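Here's the structure, in structure tokens; my notes come after.
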Amino acid sequence: MSLMLSGIGVSRGIAIGKAHFMRNSIEVPECAIPAHMLESEISRFLSAVELARSQLESIRERIPAETSIDITAFIDTHLLMLDDATLVSTPVELIREHGCNAEWALKLQRDAVINVFEKMDDPYLRTRSDDVDHVINRILRILLDRDQDDHDGSDGQLMNTIVLADDLTPAETVLLKHQGMVAFATEFGGPLSHTAILSRSMQIPAVVGAHGVHQYVRDGETLILDGLHGIVIADPDAQTIAHYRERQQHERVRQQELARLASFPAITLDDVHIKLMANIELPEDIDAVGMARADGVGLYRTEFLFMNRATPPGEQEQFDCYLAVLNALKGKPLTIRTLDMGADKQLDSGKGRCGSNPALGLRAVRLCLKDLSLFRPQLRAILRTSAHGPVRMMIPMLTNTQELYQVLALINETRNALQRESLAFGPDLSIGGMIEVPGAALSAREFARHLDFLSIGTNDLIQYTLAIDRVDDEVNYLYDPLHPAVLRLVKMTIDAGREAGIPVAMCGEMAGDPRYTRLLLGMGLTEFSMHHTSLQEVKSVINNSHIATLKPLVDELIDHTTAGQIHVRIDSLNSNLTE
Ligand code: PEP
Ligand code: MG
Numbered sequence: 083m084s085l086m087l088s089g090i091g092v093s094r095g096i097a098i099g100k101a102h103f104m105r106n107s108i109e110v111p112e113c114a115i116p117a118h119m120l121e122s123e124i125s126r127f128l129s130a131v132e133l134a135r136s137q138l139e140s141i142r143e144r145i146p147a148e149t150s151i152d153i154t155a156f157i158d159t160h161l162l163m164l165d166d167a168t169l170v171s172t173p174v175e176l177i178r179e180h181g182c183n184a185e186w187a188l189k190l191q192r193d194a195v196i197n198v199f200e201k202m203d204d205p206y207l208r209t210r211s212d213d214v215d216h217v218i219n220r221i222l223r224i225l226l227d228r229d230q231d232d233h234d235g236s237d238g239q240l241m242n243t244i245v246l247a248d249d250l251t252p253a254e255t256v257l258l259k260h261q262g263m264v265a266f267a268t269e270f271g272g273p274l275s276h277t278a279i280l281s282r283s284m285q286i287p288a289v290v291g292a293h294g295v296h297q298y299v300r301d302g303e304t305l306i307l308d309g310l311h312g313i314v315i316a317d318p319d320a321q322t323i324a325h326y327r328e329r330q331q332h333e334r335v336r337q338q339e340l341a342r343l344a345s346f347p348a349i350t351l352d353d354v355h356i357k358l359m360a361n362i363e364l365p366e367d368i369d370a371v372g373m374a375r376a377d378g379v380g381l382y383r384t385e386f387l388f389m390n391r392a393t394p395p396g397e398q399e400q401f402d403c404y405l406a407v408l409n410a411l412k413g414k415p416l417t418i419r420t421l422d423m424g425a426d427k428q429l430d431s432g433k434g435r436c437g438s439n440p441a442l443g444l445r446a447v448r449l450c451l452k453d454l455s456l457f458r459p460q461l462r463a464i465l466r467t468s469a470h471g472p473v474r475m476m477i478p479m480l481t482n483t484q485e486l487y488q489v490l491a492l493i494n495e496t497r498n499a500l501q502r503e504s505l506a507f508g509p510d511l512s513i514g515g516m517i518e519v520p521g522a523a524l525s526a527r528e529f530a531r532h533l534d535f536l537s538i539g540t541n542d543l544i545q546y547t548l549a550i551d552r553v554d555d556e557v558n559y560l561y562d563p564l565h566p567a568v569l570r571l572v573k574m575t576i577d578a579g580r581e582a583g584i585p586v587a588m589c590g591e592m593a594g595d596p597r598y599t600r601l602l603l604g605m606g607l608t609e610f611s612m613h614h615t616s617l618q619e620v621k622s623v624i625n626n627s628h629i630a631t632l633k634p635l636v637d638e639l640i641d642h643t644t645a646g647q648i649h650v651r652i653d654s655l656n657s658n659l660t661e
């Protein structure tokens with residue numbers, strides 16, 4: 083009988099294939115090793131470490147050249163761990179000390195290291211403890227000759243399989259894709275995990291937080307995975323398979339049609355030009371943005387430049403990087419967001435580690451204002467880049483105008499310093515603020531008085547308005563862009579910008595979801611920024627919408643619709659206005 087499980091869709095697309103379980107937990111046997119055999123046990127352990135290293139190196143070599151460097155960096159991190167005394171020398175000492183087998187020594191060391199991480203109660207360190215676990219499990223599988231159970235590395239071995247696991251490492255994800263995996267679902271994990279980021283970059287449909295896959299799905303049975311809606315259907319009947327095959331085909335045709343839209347501008351039926359910008363994480367993303375003919379970059383998340391390294395990039399490295407992106411945009415605007423570290427995105431140097439509620443703690447502009455050694459080089463790099471083209475600077479997570487005054491004063495100081503040093507900067511750098519804290523949305527008028535533009539970060543605005551941690555899959559069901567409170571805050575921000583005569587953009591995920599495009603047009607939004615893969619789809623809705631007709635309908639909807647009715651009203655807004 084067929085069964086449907088739901089989780090969080092982190093990478094869109096439909097896949098139909100056979101279930102293949104990855105075993106994440108490994109039973110470790112304990113045995114005593116006679117004294118005269120201890121040295122050969124140690125050699126067995128060291129050979130397993132070397133084999134783990136060559137497996138990782140071979141995965142790294144097989145990553146396609148065009149893959150972004152953050153993906154290879156994940157694998158480099160695991161390779162570096164194989165050089166770490168904690169994971170290699172200490173187990174050797176434990177084998178000698180306890181006279182035990184290599185597997186048991188490694189398990190003892192893993193328990194000790196994980197114990198230390200867990201005591202720290204820090205989400206970033208928890209991610210790092212997963213990395214330790216993944217590396218140790220790789221060595222354990224080799225020692226226990228369990229490598230063949232899961233995957234032996236041969237390409238095509240998992241052709242047309244949908245992999246199910248507790249969790250997957252980025253390295254495993256790359257390897258599994260080479261072996262023919264068409265999609266994956268994991269019991270745990272959030273949409274911002276390294277693996278989720280990777281699945282989107284590699285366009286592998288994926289669902290995380292799919293609780294119960296181990297319990298209810300059998301190895302080898304047919305599965306359908308819908309990465310957009312976060313659904314896994316086990317043992318579907320012929321009719322369901324036919325339905326999803328049709329959707330797959332439909333999706334292929336639609337993608338081809340949408341690609342043709344790239345050369346057309348986004349203009350509504352009543353002739354309003356809408357700006358469609360792209361969000362990027364890494365400089366490499368810029369080529370795809372060019373192909374999609376975005377009107378520029380509306381959000382450059384610079385924190386990715388600061389990740390997977392021991393020390394933050396200096397001013398010159400940042401300048402070189404920003405300038406390369408600006409040049410690639412060939413005259414189109416580049417919106418550089420200042421560092422948004424903290425909460426689930428921590429620096430390897432440990433700066434910004436915070437207490438019991440990281441999402442409410444020292445994050446983004448709060449961290450930058452606290453640690454000027456981090457902020458100043460970035461301000462200098464952005465200002466210097468602005469001498470070479472249309473750069474906009476955007477400040478994340480503003481809470482009150484006091485913070486904004488501090489930032490503006492620092493920018494002025496930086497300008498003066500650059501002038502003294504005869505270093506060029508653009509005289510008219512636009513400075514914008516992200517509205518992603520409910521308090522800032524309620525005070526949007528005051529922010530608008532001091533800024534050149536606003537950009538609504540709905541990912542955080544929703545998290546903070548509805549009090550749900552965006553990386554916790556247990557409360558993800560409450561994440562609702564259509565909650566009336568969220569809509570009112572969005573509308574308030576758009577209105578504040580219009581009254582002050584400054585542009586308002588939206589760069590959270592809501593902007594790239596075509597289900598909300600008409601609603602946002604009706605609210606008066608004229609600048610959308612999103613992942614480049616959503617651009618043409620949103621454009622097709624824009625080119626088929628009439629703002630003057632939408633406006634009164636949306637006004638009425640925001641003022642009078644309850645949370646329960648709103649989804650139905652949005653469906654009718656989307657279906658009735660195709661003329
Ligand atoms: C947002 O919060 O909507 C946003 C765009 O910023 P980030 O997702 O990087 O926090
Ligand atoms: Mg944000």
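Heads up: the sequence shown begins at 83 in our numbering, then just goes up one per residue.
Ideal placement from N, C-alpha and C gives every residue a C-beta, glycine not left out.
Treat the numbers as computed from the prediction; the structure is a model and nothing was measured.
- Message: Assuming contact is defined by CB atoms lying nearer than 8 Å, are valine 264 and glycine 89 in contact in what I supplied?
- Response: no
- Message: Quick check: the Cα distance between glycine 271 and glutamate 556, rounded to an integer number of angstroms?
- Response: 10 Å
- Message: For alanine 374, count the other beta carbons within 10 Å of its own beta carbon; 16 or more makes it buried, fewer makes it exposed. Which is it?
- Response: buried
- Query: Taking the C-alpha atoms as reference points, what is the distance between threonine 420 and arginine 126?
  - Reply: 49 Å
- Message: So, for glutamine 191: in the same chain, excluding its five sequence neighbours on each side, which residues have a beta-carbon less than 6 Å away from its beta-carbon?
- Response: Thr172, Pro173
- Use the C-beta contact count for asparagine 219: other C-beta atoms within 10 angstroms, 16 or more gives buried, fewer gives exposed. buried
- Should the stretch 592 to 611 be regarded as contacting the stretch 634 to 653, the criterion being three or more beta carbon pairs within less than 8 Å? yes
- Message: Give me, in chain order, the residues of the same chain whose beta-carbon lies closer than 7 Å to that of isoleucine 224; leave out the 5 immediate sequence neighbours on both sides.
- Response: Ala130, Leu133, Ala134
- Is the Cβ-Cβ distance between aspartate 352 and histidine 613 less than 8 Å? no
- Item | alanine 582: first and last residue of the uninterrupted alpha helix (DSSP H) it sits in | 566 to 582
- Message: Does the structure place the stretch 536 to 544 close enough to the stretch 564 to 576 that three or more beta carbon pairs sit under 8 Å?
- Response: yes
- Query: When burial is assigned at 16 or more other CB atoms within 10 Å of the CB, is tyrosine 561 buried or exposed?
  - Reply: buried
- Task: Taking glutamine 124 as the reference, give the member of Arg336, Asn183, Ser136, His102 with the closest Cα.
- Result: Checking the sequence shown, residue 124 turns out to be isoleucine, not glutamine. Among Arg336, Asn183, Ser136, His102, the Cα nearest to that of isoleucine 124 belongs to Asn183.
- Query: What are the partner residues of glycine 515, as DSSP defines its beta bridges?
  - Reply: Ile477, Leu536
- Task: Starting from the N-terminal side, write out each stretch of the beta strand (DSSP E) that is 3 residues or longer and does not extend beyond the stretch 251 to 318.
- Result: 265 to 268, 288 to 290, 304 to 308, 313 to 316
- Task: Check phenylalanine 457 in the structure and name its three-state DSSP category.
- Result: helix
- In terms of residues, what are the limits of the alpha helix (DSSP H) holding threonine 420? Threonine 420 -> no alpha helix (DSSP H), and no H or E assigned at all.
- Query: From what residue to what residue does the beta strand (DSSP E) around arginine 383 run?
  - Reply: 379 to 383
- Task: Taking phenylalanine 401 as part of the alpha helix (DSSP H), name the residues at either end of that continuous run.
- Result: 397 to 410
- Query: Going by beta carbon distance, what residues of the same chain come within less than 7 Å of glutamate 397, once the five residues before and after it are set aside?
  - Reply: Pro459, Arg462, Ala463
- Task: Confirm the yes/no value for this check: CB of threonine 540, any heavy atom of ligand 1, distance under 7 Å.
- Result: yes
- State the DSSP-derived secondary structure class of glycine 424, mapped to helix, strand or coil. strand
- Identity of the residues DSSP links to methionine 359 by a beta bridge: Ser611
- Task: Leaving out five residues on either side along the sequence, give the residues of the same chain with a beta carbon under 7 Å from the beta carbon of cysteine 450.
- Result: Thr420, Leu421, Leu456, Phe457
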